[in-house]
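Per the UniProt record's numbering: the sequence shown ends with 562, consecutive numbering throughout. We treat Cβ as the ideally placed atom computed from N, Cα and C, and that holds for glycine. Input: a single structure, listed below in structure tokens.
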Amino acid sequence: MNNSITLPVSIVESKARERALLLLDEGTAHEILGPFDFFESPHLEAQNIVPQSDDGMVIMQGVIRGRRALVISIEGSFQGGGIGEVSGAKFAGALERAFASCEAGELIYPVIIYDTGGVRLQEANYGLLSIAEISSAIVALKKYVPVIGIIPGKVGSFGGMSLTAGLCSALIMTREGRLGMNGPEVVEQEAGIQELNAKQKPFIWKMIGGSMRYNAKLVDAVIEDDVVNYLDALEDLWANNSFKQRTTEYDAFLNMLNHLQFEQKISTDEAQEILSNRSELANAEATIADGKSKSRGRKWFDAITNNAQSISETPSVLVADALLNGEKARFIAVVPNSESKFYRARNGEFGLQEAWTVAKYVRQAIEEDKDSTNKRLIVPIVDVPGQAFGYHEELFGIYLACAASVEAYAVARQSGHPIVSCIVGKAISGAFLAHGMQGNRIISLDDPEVQVHVMSKKSAALVTMRTVEELDEFAKSVPSMAYDVRSFQTLGALQDLISGINADEPSEEQIQQVINCIASAKESIIQSGDITLANRIQSKIAIENGRKASIAVREKIVQQWN
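Printed below as a string of structure tokens:
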């Protein structure tokens, strides 16, 4: 008589490498850029941080129940699972090779195990660049195979990496897992304890935990923490081959948002009910507001489009088709609206309405031009101080809204629309990822008020347990941590930095100079024929210094693939 009991094998309690090995069929795992390849961050020692020899990112090929698979597993215990240059290049580079395999007819099924707080703040803008490249690769891969994400627990999935989770074809979570764009501590730091008390742990899980996200129809499965349950869920998703395409639900989500009223905070139970029935809500009219608050984004939208009338029903998102040197282009800007009912998104922040509206009008351009051989240029005009930090934003899935915007831009670019992102003000964090970072080319005004970064200095200091003064000092030797656009230029991602422009009161000649720069960037895209983001690691600045580690990682992945 056999009295043995089979005990659960926990993914939550396992490390990243163990997680990958547990999912892959025994004897099939082949690790790419493992710890003995010693690809560690070149940016941490200067900040008195001991690097890790695999930079906290585990990449393995193998087989999962008969299917060739690529498992990407993030080590949450190293720097909070944050994405830096090397770890981000490993992630993006592996997905890019998987895409090349699929294009060649050799299908490989990606599985991503999330345990991450988002961008590694000690490498800041390297993380932003990497997450944009990861996002682009996920969108491209989904044409061939589903990309499935797993959020088991411990850390969860936050920051820019929550956007990549939102892009996945399907998501599997445990009740211990959490999924949100802004971590509770950061929301409390930015918006105050009245907005969200990060110490109320049971409430936080009820708000952004696996069970809530599943019951709200935002993820595909919630399972008990045993490896066989993850494998069964993966097999079920692959076999059914029916995925929700949530990032294209812009009409349903915008209608749902029009229904919301904020006389008092909406409870988690009420939000769950609203979200789960979002597609069945009656049509509601959008809230009317003048949306005339001044900003650089509005000024430059008006200047470049010659004061074209916006076609958007959302006052804080300006959209117009206008002629650029004689050819039609679509211009999109996010601007302040002091009357917005979403009180955390009144100063130009990228909120729920803004993200879903941008997704809608980029998708509209794709649909209108689908039969055209000459796809119109799309120009995101970037002046965004960051995403909206708020209780309702997290409750109603701002991570998914921003993912929808990311995907719309990526699909447009991959469909042949040239995208030239023009930075005229702030380009901060998830807002920049969702509105600007998917452009084939990025140009920027050379102006002290133009900033590119991951997070406000106060919040960055809180998360890294440094002072603001210490962060400023480290930025002198690690340019990716700096906020100024000239430091961002040293990373190699800018097509052009436009000097001699009065950003707040430009002359007609200066406006034309910027228009000519946009037109030149468009011509560069057309001549290259490239619909990827590869130019960011192919520029002279990137090759000589800015992205050396990113390039070396990708080269090594190619050598070790298969």
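Please list, in chain order, all residues of the same chain as residue i whose beta carbon is under 8 Å from its beta carbon, the five residues on each side excluded.
{"i": "I511", "result": "A303, I304"}
{"i": "S295", "result": "V335, P336, G348, D383, G425"}
{"i": "I515", "result": "I304, L324, N325"}
Buried or exposed for residue i, please, with buried defined as at least 16 other CB atoms from any protein chain shown within 10 angstroms of its CB.
{"i": "N374", "result": "exposed"}
{"i": "F301", "result": "buried"}
{"i": "G546", "result": "buried"}
{"i": "S310", "result": "buried"}
{"i": "V228", "result": "exposed"}
{"i": "D54", "result": "buried"}
{"i": "H30", "result": "exposed"}
{"i": "I193", "result": "exposed"}
{"i": "K458", "result": "exposed"}
{"i": "G105", "result": "exposed"}
{"i": "A100", "result": "exposed"}
{"i": "E40", "result": "buried"}
{"i": "Q272", "result": "buried"}
{"i": "Q559", "result": "exposed"}
{"i": "E220", "result": "The question names Glu, but residue 220 is Asp in the sequence shown. So D220 counts as buried."}
{"i": "D496", "result": "buried"}
{"i": "residue 576", "result": "This structure does not reach residue 576, given that the chain is present from 1 up to 562, and the question cannot be answered."}
{"i": "E85", "result": "buried"}
{"i": "K370", "result": "exposed"}
{"i": "D251", "result": "exposed"}
{"i": "S169", "result": "buried"}
Hey, residue i and residue j: beta-carbon distance below 9 Å or not?
{"i": "P146", "j": "L237", "result": "yes"}
{"i": "V463", "j": "Y483", "result": "no"}
{"i": "D115", "j": "I74", "result": "yes"}
{"i": "P380", "j": "G436", "result": "yes"}
{"i": "A503", "j": "L324", "result": "no"}
{"i": "S130", "j": "S87", "result": "yes"}
{"i": "I531", "j": "G416", "result": "yes"}
{"i": "L254", "j": "Q353", "result": "yes"}
{"i": "I366", "j": "A408", "result": "yes"}
{"i": "L257", "j": "F36", "result": "no"}
{"i": "residue 577", "j": "G492", "result": "Because the chain is modelled from 1 through 562, residue 577 falls outside the range shown and cannot be assessed."}
{"i": "L171", "j": "I150", "result": "yes"}
{"i": "E394", "j": "L196", "result": "yes"}
{"i": "F91", "j": "M57", "result": "yes"}
{"i": "A46", "j": "F474", "result": "yes"}
{"i": "G117", "j": "G62", "result": "no"}
{"i": "R346", "j": "A191", "result": "no"}
{"i": "V485", "j": "I398", "result": "no"}
{"i": "A521", "j": "V139", "result": "no"}
If you follow the beta strand (DSSP E) that residue i is in, where does it begin and where does it stop?
{"i": "F331", "result": "327-334"}
{"i": "Y250", "result": "From DSSP, Y250 is part of no beta strand (DSSP E) but of the alpha helix (DSSP H) over 250-259."}
{"i": "A46", "result": "Note, A46: premise wrong, no beta strand (DSSP E); not H, not E."}
{"i": "V319", "result": "317-324"}
{"i": "A221", "result": "221-223"}
Apart from the five residues just before and just after residue i, which ones in its own chain have a Cβ nearer than 7 Å to its Cβ?
{"i": "M1", "result": "Caution applies to M1, whose pLDDT of 43 falls short of 50 and renders its modelled position unreliable; the value that the coordinates give is listed next. Cβ within range, chain order: n/a, list empty."}
{"i": "A412", "result": "V362, A365, I366, I378, I419"}
{"i": "V406", "result": "S135, L163, L167, L433, A434, Q438"}
{"i": "M207", "result": "T268, E394, L395"}
{"i": "A124", "result": "H453, V454, S480, M481"}
{"i": "S211", "result": "R175, V222"}
{"i": "A132", "result": "L433, M437, Q438, L533"}
Assuming residue i is part of the alpha helix (DSSP H), what are its boundary residues?
{"i": "residue 563", "result": "Any property of residue 563 remains undetermined from this structure, which presents the chain solely from 1 to 562."}
{"i": "Y230", "result": "227-240"}
{"i": "K206", "result": "201-208"}
{"i": "residue 581", "result": "Absent from the structure is residue 581, since the part of the chain shown begins at 1 and ends at 562."}
{"i": "V86", "result": "85-103"}
{"i": "I304", "result": "296-305"}
{"i": "I112", "result": "Here I112 belongs to no alpha helix (DSSP H); instead the beta strand (DSSP E) covers 109-113."}
{"i": "A20", "result": "16-23"}
{"i": "T268", "result": "268-276"}
Which residues in the same chain as residue i place their Cβ atom closer than 6 Å to its Cβ, once the five residues preceding and following it in sequence are excluded?
{"i": "A431", "result": "F350, V384, G386, Q387"}
{"i": "S499", "result": "D446"}
{"i": "L107", "result": "V145"}
{"i": "G183", "result": "F158"}
{"i": "E176", "result": "V12, G153"}
{"i": "I551", "result": "I537"}
{"i": "C402", "result": "L163, A355, G430, A434"}
{"i": "S487", "result": "P479"}
{"i": "A320", "result": "T305, A308, S310, F331"}
Runs of alpha helix (DSSP H) lying entirely within the stretch 140-190, each at least 4 residues, in chain order: 160-167
Contained beta strand (DSSP E) runs [length at least 3] in the stretch 357-418, N- to C-terminal order: 377-384
Which residue spans inside the stretch 26-75 form an unbroken beta strand (DSSP E) run of at least 3? 30-32, 57-64, 67-74
Fully enclosed by the stretch 415-498, which beta strand (DSSP E) runs are 3 residues long or longer? 420-428, 441-445, 451-453, 496-498
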